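The structure appears below as structure tokens.
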Amino acid sequence: MERKRLRFLAGAASVLLSAAMCFGCQSADSSDSEGKKINLADYPFYNKEYETLMYDDAEYKKEMSRPYWLGNVIYNELTLPIAYENGEAYADLLYAPEKVIGVMDQKLKKTYSEGADYVVDKAKKRLTIPAGSSIELLSELAETGAKVPDGYELSETPDSVSKYTVWDLGGGPFVYTESSLFYGRYLSVTYAYDLAELPAGVFNAYDATVFTSLRAKLEAGKDVSVAFIGDSITDGSSSTGDNLHVEPNTPCYAKQVKTEIERVYGVNVTFTNSAKGGTISDWPLTKEGNTSFQRAKDAKPDLCVIAYGMNDSTANPVTNPSAYQSNIEEIMLQMKGASPDCNFVLVNSFPCNPLYEREAGIFDRYLSKLNAIAEKYDDGTVKVIDMQKAGKYFLETKRYCEISSSNVNHPNDFMHRVYAMNIMTAITDYKK
């Protein structure tokens, strides 16, 4: 299995630096400040020389879908520099930065300077934006429709250029847009963090008993077929590469999974995406969805990713969890008829904007049904990936518009990457 490492520049000081690095530099096992044991074998992409690491765009593009939580460096985390009503201005990070390697704009074109444009506040896990910075701030009220920057138009028909709308379902106003209102102001931050900060149980963990036949085929260097069925998220909505068509042109998660499989195993992947925006879990079983579903079946996939729930959860009426389970099972049954050896990834959607949620706890009930399906098969051919848990973890630190550039229900580039990362951990043992 290919194992590309992050590039770094090491000077004469690297020998001295390595002695002072955070835990894990001297032995395979180390302890954090609280005495918790850290086994570095669990983190194959740990880079002990992060202090001398320099941003490498080519390396990032090759490894954008590699699970960041298997190492100590996160590439291009997206964050919004917010101007708060109390006069503060800062951009929150998921982790306390041990070393900020690079801060760029959303397009990955402009690099900002530490000191002049931002100041690292490790204790508060943020970048403080000083007066005179060239970083453009967004008002903390913008996501509600107040203090929206010039150049954007309130409209009943939002678009991907300059129009936005404001909805209020009873919990308060919130903006919906596919324009650059949010994504155009993202900062892309690359930094090293302490492994001790990584959460337990949020991301999928590799299980050697799942997808054994698929993995054997890949490890033997054989080409595979992968199909995707789902709603607008799987279709690529809000990805800069497949929907917005703006820089940095990051592919949607489905294409990232294809590319990452090819990168890791050196095989060719036949890619079929039968997802359709605005649909719910019964769509492939309808007359309207039949042609698209048939295309996926004709591909005879070795792996089929089924990702519904976002529109099911916000439909009027909301899709009943039992009906949701029945729809998913029927899709799987028909796919098995076309491709008997097919494996399945069942995705529980990342969260919608809490102000857009129609029924509290509905995603948890959908997850329960997906888990019931996996338990029913109980043969290692079905794996559930819970993006709801990952999204809610990010929302402990982030505003919703920092994980969704539509601010309603579409993942931004970073979340598309995390979708791909999480799915890949079900396929690949990165520790090998």
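Quick note: my numbering has the sequence shown finishing at residue 432, numbered continuously throughout.
The C-beta atom is built at its ideal place from N, Cα and C for all residues, glycine as well.
Remember, predicted model here, so these are calculated numbers, not experimental data.
8 Å Cβ cutoff met for residue i and residue j
i    : j    : result
P81  : A91  : yes
V318 : I362 : yes
T190 : H416 : no
S238 : H410 : yes
A269 : V224 : The sequence given here has Val at residue 269, not Ala. Yes; because the gap between Cβ atoms is below 8 Å, this pair is in contact.
L355 : S188 : no
N422 : F211 : no
V73  : N47  : yes
Candidates the options, of which the one nearest residue i by Cα
i    : options                   : result
G391 : R66, D364, K383 and G380  : D364
E63  : L141, R263 and P130       : R263
N273 : G266, Y356 and G289       : G289
T52  : D150, N39 and A192        : A192
I427 : K217, K389 and L195       : K217
V377 : S313, L346 and A146       : Reading the sequence as shown, one finds Tyr at residue 377 and not Val. Minimum Cα distance to Y377 is reached at L346.
T314 : I331, S292, G337 and I280 : I280
Y206 : D379, V269, D57 and L70   : L70
A89  : G132, K99 and T111        : G132
A196 : K99, Q388, K37 and T240   : K37
V382 : L214, S65 and G115        : L214
G337 : K297, V166 and Y366       : K297
L123 : P149, P67 and K99         : Checking the displayed sequence, the identity of residue 123 turns out to be Ala instead of Leu. Measuring from the Cα of A123, the nearest candidate turns out to be K99.
M310 : Q334, D386, P248 and S179 : D386
E85  : T111, E140, K109 and K125 : E140
A323 : A360, L370 and P340       : L370
N327 : E136, V119 and G230       : G230
Y68  : S232, E357, E178 and D194 : D194
L395 : A360, E359, R358 and C352 : C352
E178 : A83, S162 and L169        : S162
Length of the line joining the Cα atoms of residue i and residue j
i    : j    : result
F414 : L93  : 13 Å
Y176 : K255 : 25 Å
S405 : L138 : 13 Å
K432 : E219 : 12 Å
G102 : D117 : 12 Å
S368 : T425 : 21 Å
M332 : T144 : 40 Å
D429 : F203 : 14 Å
K147 : V384 : 41 Å
L181 : K107 : 14 Å
H245 : V418 : 20 Å
T128 : G278 : 39 Å
A307 : R185 : 29 Å
V433 : P173 : Absent from the model: residue 433. The displayed extent of the chain is 1 to 432, so no value can be given.
D121 : Q388 : 29 Å
Y55  : F350 : 29 Å
D105 : Y112 : 8 Å
A58  : P44  : 20 Å
Q334 : D282 : 13 Å
Buried versus exposed, by CB contacts within 10 Å (16 or more), residue i
i    : result
M1   : A caution first: M1 carries a pLDDT of 44, below 50, which makes its placement in the model too unreliable to give a value.
R399 : buried
P284 : buried
L303 : buried
L154 : exposed
E260 : buried
D312 : buried
D379 : exposed
T209 : exposed
Y164 : buried
T291 : exposed
D150 : exposed
S134 : exposed
T286 : exposed
P248 : buried
R295 : exposed
E402 : buried
T240 : buried
A420 : buried
D435 : Outside the displayed range of the chain (1 to 432) lies residue 435, so it cannot be described from this structure.
P340 : exposed
R358 : exposed
Proximity test, residue i beta-carbon vs the ligand FAD heavy atom, cut-off 7 Å
i    : result
K258 : Of the ligands one can find in the structure shown there are none, so the ligand FAD has no counterpart to examine.
Distance between beta carbons of residue j and residue i, contact taken as under 8 Å
i    : j    : result
N76  : Y60  : 7 Å
F271 : V226 : 6 Å
G221 : V257 : The Cβ separation is near 19 Å, so there is no contact.
P199 : Y393 : 6 Å
A374 : Q325 : Not really, about 11 Å apart at Cβ, beyond 8 Å.
F228 : A299 : About 10 Å; that fails the 8 Å criterion.
P321 : Y366 : 6 Å
N412 : Y183 : 6 Å
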